[in-house]
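Under this note's numbering, think of the first position of the sequence shown as 209, with each following residue one higher. Glycine included, C-beta positions come from ideal geometry on N, C-alpha and C. Given the structure is predicted, the values throughout are model-derived calculations rather than measurements. Structure record follows, encoded as structure tokens.
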Amino acid sequence: MKAPGRTRSRSKPDRRAIRLEGADLHVHTTHSDGGCSPGEVVRAAANVGLGSLAITDHDTLSALAVARPEAERLGIELIGGVELTALRDDQEVHILGHFVRDDDPHLVAACLNLREGRARRIIEMAGRLQELGLSIDLETLRQTFPRATLGRKHLADWLVRSGQVAGHREAFARFLGDDGPAHVAKPRLPWRQAIVLIREAGGVAGLAHPPYDLRRDLLRELADAGLGAVEVAGPGIDPRCGLRWRNWADELDLASIAGTDFHAADRPGRWVGAITTTPTDLIRLRSKTMDRGSLHRIL
Ligand SMILES: [Zn+2]
Ligand SMILES: [Zn+2]
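Here is the structure:
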């Protein structure tokens, strides 16, 4: 619980003072599969004294416009972000975009396309669950998560709340897991296209939560295709892996970035700002947008 007085005194921090503090560059909101609204994550970031925050919802930029007035009110830098669902050799990879323009027509259209594909997918998965004898009310589910792009997690939620399975684990094990009878593959962008879209929207493309067995030659291949950053710290990243990737990033001229991949404050230690990108790394990331003479506003 925070004292109201303290919130007030922090509501107009000195921009020069906050520049040297960390940045959480990986945060989700209710516009994708997060549990907090855009305004809530901005307030959470301001409360812990972050200088910068990137909202990186899955395949949508819509939270940014909603969060911007609150970020301006609280004097926190809101970095335009996105996390694109991409595909490489049958493996899903998540490509983060930072400093993207949230009104870039091509990026917006690609996101819309992914979400429409996702909407068709949820209908198909609900249909399969019904064929398996389960009851799904998609309309109510949509009303429960009005802004979210519905996915497996939401269907699992429904099954749990309606008492049809004991928990998420069972929902995935019996029906919704990758090999489950109700699973339908998610629409995904070819990874090279994801990188190009982000760069053409003025942003820096970054590899989100790499697999622990990431190989250096894969990172090089991504870097050659225009990747500009790699996540080296996050909730699922082993610190030893992170250190190794940071060395590779330096060798390959990539920025090292970090963030919480915040979805909800659902367990201890999970809060906006718990894992941050250092000011030096943020400067490096920012400089990647300027490499191409892009016109981003610098604090
Ligand atoms: Zn991800
Ligand atoms: Zn994420």
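field: Residue span of the beta strand (DSSP E) that contains Val440, given as start and end
entry: Taking the first residue of the sequence shown as 1, we reach residue 440 at position 232. From DSSP, the beta strand (DSSP E) with Val440 extends over 437 to 441.
field: Cα-Cα separation, His362 to Asp458
entry: The sequence position of residue 362 within the sequence shown is 154, counting from 1. The sequence position of residue 458 within the sequence shown is 250, counting from 1. His362 and Asp458: Cα-Cα distance of roughly 39 Å.
task: Look at the alpha carbon of Leu493 and the alpha carbon of Ala252, and state the distance between them as a whole number of angstroms.
output: Your numbering for residue 493 matches position 285 in the sequence shown. Your numbering for residue 252 matches position 44 in the sequence shown. When rounded, the distance between both Cα atoms is 23 Å.
task: Sort Val274, Pro443, Asp386 by Cα distance to Thr468 and report the nearest one.
output: Taking the first residue of the sequence shown as 1, we reach residue 468 at position 260. When each option's Cα is compared against that of Thr468, the closest is Pro443.
- prompt: Where DSSP assigns a beta bridge to Ser464, which residues make up the other side?
  reply: Indexing the sequence shown from 1 puts residue 464 at position 256. Val438.
field: Arg329 versus Asp241 - alpha carbon distance
entry: Stepping through the sequence shown from its first residue, residue 329 is reached at position 121. Stepping through the sequence shown from its first residue, residue 241 is reached at position 33. Their Cα atoms are separated by approximately 16 Å.
- request: Only counting runs of 3 or more residues, tell me where the beta strand (DSSP E) segments fall wholly within the segment 240 to 291, in order along the chain.
  value: 260 to 263
- request: State the beta-bridge partners of Gln351 as determined by DSSP.
  value: Here the question's residue 351 lines up with position 143 in the sequence shown. According to DSSP, Gln351 bridges with nothing at all.
Phe307 (DSSP reduced to helix, strand or coil): Translated into positions along the sequence shown, residue 307 becomes position 99. Coil, per DSSP.
field: Leu405 - containing alpha helix (DSSP H), residue span
entry: Position 197 of the sequence shown, counting from 1, holds the residue named residue 405. First-last of the alpha helix (DSSP H) with Leu405: 399 to 408.
task: Check the Cβ-Cβ distances between Pro398 and every residue of chain C, and say whether any is below 8 Å.
output: Of the protein chains in the structure, only one exists, and it is not chain C.
query: If you compare alpha carbons, which of Ala356, Leu415, Arg276 is closest to Leu292?
result: Here residue 292 refers to the residue found at position 84 when the sequence shown is read from its first residue. With distances taken between Cα atoms, Leu292 lies closest to Leu415.
CB-CB length for Arg326 against Gly375, believed under 8 Å: Residue 326 sits at position 118 when you count from the first residue of the sequence shown. Residue 375 sits at position 167 when you count from the first residue of the sequence shown. Between Gly375 and Arg326 the Cβ distance is about 24 Å, and since that is not below 8 Å, they are no contact.
Whole runs of the beta strand (DSSP E) within the segment 351 to 390, excluding any shorter than 3 residues: none
Distance between beta carbons of Ala463 and Val412, contact taken as under 8 Å: For this step, residue 412 is matched to residue 204 along the sequence shown. For this step, residue 463 is matched to residue 255 along the sequence shown. Going by Cβ atoms, the distance from Val412 to Ala463 rounds to 7 Å, so yes, they are a contact pair.
- request: Tell me, to the nearest whole angstrom, how far the beta carbon of Ala441 is from that of Ala473; I am working on the premise that it is less than 8 Å.
  value: For the purposes of this step, residue 441 is taken as the residue at position 233 of the sequence shown. For the purposes of this step, residue 473 is taken as the residue at position 265 of the sequence shown. Between Ala473 and Ala441 the Cβ distance is about 19 Å, and since that is not below 8 Å, they are no contact.
- request: Quick one: residues in its chain with C-beta nearer than 8 Å to the C-beta of Ile331, no 5 flanking neighbours on either side, listed in chain order?
  value: The count along the sequence shown starts at 1 and reaches residue 331 at position 123. Excluding positions up to five away in sequence, the list reads Leu346.
task: Taking Ala409 and Arg309 to be in contact with their CB atoms under 8 Å, please state how far apart those CB atoms are, rounded to whole angstroms.
output: Residue mapping note: residue 409 aligns to position 201 of the sequence shown, counting from 1. Residue mapping note: residue 309 aligns to position 101 of the sequence shown, counting from 1. Yes, Ala409 and Arg309 are in contact; Cβ-Cβ is about 5 Å, under 8 Å.
query: Regarding His302 and ligand 1, is the C-beta to nearest heavy atom distance less than 7 Å?
result: Along the sequence shown, read from residue 1 onward, the residue named residue 302 stands at position 94. True, at least one ligand heavy atom lies under 7 Å from that Cβ.
query: Is the distance from the Cβ of Cys244 to the Cβ of Val290 below 8 Å?
result: Along the sequence shown, read from residue 1 onward, the residue named residue 244 stands at position 36. Along the sequence shown, read from residue 1 onward, the residue named residue 290 stands at position 82. Going by C-beta atoms, Cys244 is not nearer than 8 Å to Val290.
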